[in-house]
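Notes follow once the structure below has been shown.
Protein chains: 2
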Amino acid sequence: MEQHVIDTLKEHKLRTTSCRENTLGIFLSRDMALSHGDLEATLGDRFDRVTIYRTLRTFLDKGIIHKVLDDEGVRYALCRDSCSEHNHHHDHVHFKCNECGQTNCLENLHVPAVQLPKGYQAREVNLLIQGLCASCSDN
Amino acid sequence: MEQHVIDTLKEHKLRTTSCRENTLGIFLSRDMALSHGDLEATLGDRFDRVTIYRTLRTFLDKGIIHKVLDDEGVRYALCRDSCSEHNHHHDHVHFKCNECGQTNCLENLHVPAVQLPKGYQAREVNLLIQGLCASCSDN
DNA sequence: CTCTAAATGCAATACTGCTGCAAAAATAGG
DNA sequence: CCTATTTTTGCAGCAGTATTGCATTTAGAG
Ligand SMILES: [Mn+2]
Ligand SMILES: [Mn+2]
Ligand SMILES: [Zn+2]
Ligand SMILES: [Zn+2]
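Protein chains in written order, with our numbering: chain A, 5 to 143; chain B, 5 to 143.
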């Protein structure tokens with residue numbers, strides 16, 4: 005496996021196991037939000053379903069990936085920002101293309117601030133925009 | 005059952021059945037986003053789980069309710085705007101309180117427009133803000 | 001009231017996600 | 001490199017979520 009993957013795991017004080025290396029490698033190469041099912045399909049039967057679930061939870065805890073809300077189930081995407089164990093910050097927009105089905109982080113597109121009613125306190129925001137991506141748009 | 009419920013069902017050309025009356029009545033009285041499990045718990049064992057699923061899908065199709073994205077599963081809330089069978093428009097904010105667990109539509113809070121990258125076309129937006137609601141905030 | 005189309009209940013199935021436990025693997029320390 | 005300790009994994013099992021097919025029941029049209 006690639007050195008970058010191993011370094012990332014070590015940086016987060018995680019043991020470098022085959023499932024973690026492969027899973028992180030897939031996130032890096034695919035560059036889109038992935039569901040547990042996507043990973044299972046890509047990894048084949050090399051690892052148990054439960055191990056993949058636990059890998060995802062571990063990555064979530066460590067700030068390696070973040071949840072992406074989706075209308076048909078949760079997905080996960082790499083944290084590009086400097087997220088750490090107790091300091092997640094994901095105020096960027098997610099876009100899901102209804103044509104090709106891909107869900108992507110629009111990292112440099114911040115979720116606009118919203119003026120909440122009196123007394124409401126915002127802690128976390130999740131904005132999912134659905135429509136057509138650039139590739140599917142000009143066909 | 006209340007006349008308003010029956011009228012609403014008739015307006016959408018739906019037969020007024022007990023499950024639909026009760027389900028719609030719950031949505032009207034609770035005034036918050038509800039999951040299938042919430043409805044099942046409230047309705048007791050008067051109706052089969054499958055019937056509740058089908059009622060939800062029917063209401064979705066007819067524009068009586070809309071999906072509310074949530075980090076722990078889909079919920080549903082009444083459409084206040086004038087949604088119809090093929091003309092949904094939900095650009096309002098949803099708020100989930102991490103204290104009391106309630107998810108609500110903030111109907112008069114529009115999701116701000118976002119300048120998408122070139123070629124991207126928006127069809128639908130879903131903004132979920134999580135934090136503390138007004139009731140839970142001042143304790 | 002009767003007939004027909006729609007809706008329901010039930011059984012079966014698939015998918016998602018979690019836990020406990022024994023076996024296997026990773027690493028720290030010598 | 002070897003061993004001891006801790007972590008991770010696979011497996012079995014379980015709970016929750018969501019869907020379908022089919023026979024029965026029901027709502028509403030006439
Ligand atoms: Mn993201
Ligand atoms: Mn809403
Ligand atoms: Zn696309
Ligand atoms: Zn609250």
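The beta-carbon is built from N, C-alpha and C at its ideal position, and this holds for glycine as well.
{"Query": "For Lys-100 (chain A), count the other beta carbons within 10 Å of its own beta carbon; 16 or more makes it buried, fewer makes it exposed. Which is it?", "Result": "buried"}
{"Query": "Only counting runs of 3 or more residues, tell me where the beta strand (DSSP E) segments fall wholly within the stretch 35–119 of chain B, in order along the chain.", "Result": "69–72, 79–82, 96–101, 107–114"}
{"Query": "Please go through the same chain and pick out, in chain order, the residues whose beta-carbon is closer than 6 angstroms to the beta-carbon of His-94 (chain A), but skip the five residues on each side of it.", "Result": "His-70"}
{"Query": "Examine the Cβ distances between the stretch 122–140 of chain A and the stretch 124–136 of chain B and report whether three or more of them are shorter than 8 angstroms.", "Result": "yes"}
{"Query": "What do you reckon, are the CB atoms on Val-97 (chain A) and Val-115 (chain A) nearer than 8 angstroms?", "Result": "yes"}
{"Query": "Give me the DSSP bridge partner(s) of Gln-125 (chain B).", "Result": "A:Leu-136"}
{"Query": "Please list, in chain order, the chain B residues whose beta carbon lies closer than 8 angstroms to that of Ala-138 (chain A).", "Result": "Pro-121, Lys-122, Gly-123, Tyr-124"}
{"Query": "From Leu-38 (chain B) to Asp-75 (chain B), what does the alpha carbon distance come to, in whole angstroms?", "Result": "14 angstroms"}
{"Query": "Expressed to the nearest angstrom, what Euclidean distance is found between the alpha-carbon atoms of Glu-111 (chain B) and Leu-18 (chain B)?", "Result": "26 angstroms"}
{"Query": "Hey, quick one: how far does the alpha helix (DSSP H) through Lys-14 (chain A) stretch, first residue to last?", "Result": "7–15"}
{"Query": "From the DSSP output, in three-state form, read off Asn-143 (chain B) for me.", "Result": "coil"}
{"Query": "Could you list which residues in chain B have their beta carbon closer than 9 angstroms to that of Glu-44 (chain A), in chain order?", "Result": "None at all; the shortest Cβ gap to chain B is about 20 angstroms."}
{"Query": "Check whether the Cβ of Leu-132 (chain B) sits closer than 7 angstroms to any heavy atom of ligand 4, and report yes or no.", "Result": "no"}
{"Query": "For Leu-131 (chain A), which beta-bridge partners are listed by DSSP?", "Result": "B:Leu-131"}
{"Query": "Below 8 angstroms on the Cβ atoms is my contact criterion, and I expect Pro-10 (chain A) with Thr-21 (chain A) to pass it. Report the Cβ-Cβ distance as a whole number of Å.", "Result": "Contrary to the premise, residue 10 (chain A) reads as Ile rather than Pro in this sequence. Rounded, the Cβ-Cβ distance is 11 angstroms, inconsistent with contact."}
{"Query": "Could you check whether the Cβ of Arg-79 (chain B) sits closer than 8 angstroms to any Cβ belonging to chain A?", "Result": "no"}
{"Query": "Give me the residue from B:Leu-82, B:Leu-64, B:Asn-130, B:Arg-50 with the minimum Cα distance to Arg-34 (chain B).", "Result": "B:Leu-82"}
{"Query": "In terms of alpha-carbon separation, which member of A:Leu-13, A:Gln-7, A:Glu-44, A:Asn-130 lies closest to Leu-73 (chain B)?", "Result": "A:Asn-130"}
{"Query": "On the three-state DSSP scale, how would you describe Thr-27 (chain A)?", "Result": "helix"}
{"Query": "Tell me, please, whether the CB atom of Ser-22 (chain A) is closer than 8 angstroms to any CB atom in chain B?", "Result": "no"}
{"Query": "In chain A, which residues lie less than 7 angstroms from Asn-143 (chain B) when you measure between Cβ atoms?", "Result": "The premise fails here: Asn-143 (chain B) is roughly 11 angstroms from chain A at the closest Cβ pair, so nothing lies under 7 angstroms."}
{"Query": "Would you check whether ligand 2 has a heavy atom nearer than 7 angstroms to the C-beta of His-93 (chain B)?", "Result": "no"}
{"Query": "Who are the neighbours of Gln-106 (chain B) on chain A, taking C-beta pairs under 9 angstroms?", "Result": "Ordered by position in chain A, no residue passes the 9 angstroms Cβ test against Gln-106 (chain B), which lies about 12 angstroms from the chain."}
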